[in-house]
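Below you'll find the structure, written out as structure tokens, and then a few comments.
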Amino acid sequence: MSSGKDIPTGEGPAESDRANNKSRTLRIKAGGSVLLVLVIAASIYWLVFKRNYVSTDDAYARADSAMVSARVPGTVLKVLVDNDFAVSTGQPLIELDPADYKIAVDKAKAVLDGDEAELKAAETMVPPVNIQTSSQVDAAEAALKAAQDAERQTGHNIQQLKDTRAATAADLAQAERDSKRFETLSVSGAGTQRQHEQAETAFDKAKAQLKAVDAQIAALESALSGASQQVTRARAQLQTAISGQANVYVQARKVEALQAKRDKSRAELEAARLNLSYCVIAGPIEGYIAQKNIQVGDRVQPGQAMMAVVPLSTVYVEANFKETQLTNVRIGQPASILADIYPGYTYQGKVAGIRAGTGAAFSLIPPENATGNWIKIVQRIPVRIELDQPPPPDHPLRVGASLDVTINVADRSGPNLLQTTRITTLSNSSEKP
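7 is the number of the first residue of the sequence shown in the working numbering; add one for each residue after it.
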């Protein structure tokens, strides 16, 4: 009879071992499959998501801030803004006491008014002096010409009288010979008394004519001497009148000197007005006030920094990548930026420039790797990233904020260095508020 209990056979333990081995084999295969899937998934993830990306958390927000400083010395009269105030370009920020500069403007204006009055008086004198000297020169030239004409005419008349005298002298000699001949004939009875008297009369007449011609010649010679003296006087008067024209030249140069003096006074007035305008210190760009360190009553000097204007609308990113990460980085590649201050929000931008040297090379004390023991350290190179659009009002970036930057390096067609036109564009864009 059986007791109702199953009597185990000798094959039970062997079957249990086989079952355990089979289960262990299945677990190993399953683990290997899972590991293979993880490796494949990691490879696919690296190929798809990581291979064409470089990232760094050594990145910070930057902006080309403008330091506000005084251009003239003075005492602070008003401070119109405070830290964190939004300001626009040209908005008054600080007012200096303008009293001294107003006095300087009034003084410069008075000097300018005096110079303009003096110049106007000198300019008024130029036309009369010019007219007077010109009239004197014309009159002197006319008098000299008249004197020279009179001298020439007198000389011509003297020559004519000398010719007449020669003829008269010849007539006198002939009349004298006739008188002597007829006198001889009259004594000898060959001639008549009448003929003798006519010859005597002709002889006396010829002598009188010769005396008259000599008297005229003497008178004309005296007139010629007077005419010559008149020419000399007229020439001297002309020289005097011509030398008087030098007064016009002197007066004109005086006007030029006064014009230069007036221009200098005008420039000094403009400088005084500029200094007065500098008493109102305006915002150079649009942005937000930071680092205000000035109070009413402070005495400031030119160039002294009083506050900064931070243009948050033109903020950019400076990411410090390891040099080993920049092999495939190019200008224009897209980048995504995460800010620690706004978890989950992503900014989009593009690579705008790669610095010409490492951060260590431009530090205050650059490393001297040629001295002492040397340990190679991977350097970091700053990369400038410009945002595609200004940060929205609900997610503004503050200067110095910590960022995580990822660059997509799949497209490597861009240049490694900025071109000249690009540099110009960046310069112009940085100047805009």
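All C-beta atoms in this analysis are idealised placements derived from N, C-alpha and C, irrespective of residue type, glycine included.
- Distances from the CA of D88 to each of V302, A173, V389 were compared; the closest alpha carbon is that of V302.
- Take D63, set aside five residues on each side of it, and the residues of its chain with a beta-carbon closer than 6 Å to its own are D410, in chain order.
- In this structure, the beta-carbon distance from L102 to L86 does not fall below 7 Å.
- Note on geometry: alpha-carbon atoms of N334 and I391 lie some 15 Å from one another.
- Its chain contains S75, A76, R77, V78, P79 as the residues whose beta carbon lies nearer than 8 Å to that of P308, once the 5 sequence neighbours on both sides are disregarded; these appear in chain order.
- When the alpha-carbon of I300 is set against those of A311, Y294, I291, the nearest one is in A311.
- A278 is the residue among A278, D210, Y348 whose C-alpha sits nearest the C-alpha of D106.
- A distance below 8 Å between beta-carbons, with the five flanking residues on each side excluded, links V93 to the following residues of its chain, in chain order: V87, L99, G289, E292, G293, Y294, I295, V315.
- K382 carries a coil assignment under DSSP once its states are collapsed to helix, strand and coil.
- As the crow flies, the alpha-carbon of N422 is around 6 Å from that of I337.
- No Cβ-Cβ contact shorter than 7 Å links L403 with A65.
- When the beta-carbon positions are compared, M131 and Q257 come within less than 7 Å of each other.
- Looking at the DSSP output, A92 bridges to Y294.
- With contacts defined as CB atoms closer than 7 Å, Q385 and A366 qualify as a contacting pair.
- The three-state reading of DSSP puts L409 in strand, counting E and B together.
- In the three-state DSSP reduction, V323 falls in the strand class (E or B).
- Straight across, the Cα-Cα distance linking Q339 with K356 is about 5 Å.
- The continuous beta strand (DSSP E) containing R68 extends over residues 59-68.
- For Q354, the secondary structure class from DSSP, reduced to helix, strand or coil, is strand.
- Contact check for I383 and V60: beta-carbon distance about 19 Å, past the 8 Å limit, so the pair fails to qualify.
- Counting only the Cα atoms, A341 lies some 12 Å from N58.
- In this structure, D121 keeps its C-beta atom at 7 Å or more from the C-beta atom of K260.
- Looking at P372, E124, D70, the one whose alpha-carbon comes closest to that of P317 is D70.
- Under the DSSP assignment, T81 falls in the beta strand (DSSP E) whose first and last residues are 80-85.
- Around the Cβ of V43, a 10 Å sphere holds fewer than 16 other Cβ atoms; the residue is exposed.
- Going by DSSP, L318 is part of no beta strand (DSSP E) at all; its letter is neither H nor E.
- Here Y351 is exposed: its Cβ has fewer than 16 other Cβ atoms, across all protein chains shown, within 10 Å.
- Q180 counts as exposed, since fewer than 16 other C-beta atoms from the protein chains shown sit within 10 angstroms of its C-beta.
- In the DSSP secondary-structure assignment, G359 is bridged to R390.
- I360 and L332 do touch by the CB rule: their CB atoms are close to 7 Å apart, below 8 Å.
- V389 counts as buried, since no fewer than 16 other beta carbons sit within 10 angstroms of its beta carbon.
- Between A407 and I343, the C-beta spacing is not below 7 Å.
- Exposed is the label assigned to L32, since fewer than 16 other Cβ atoms lie within 10 Å of its Cβ.
- D169 and D220 have their alpha carbons spaced roughly 11 Å apart.
- Excluding its 5 nearest sequence neighbours in each direction, A153 has C-beta neighbours in its own chain below 7 Å: A233, Q236, V237, A240, listed in chain order.
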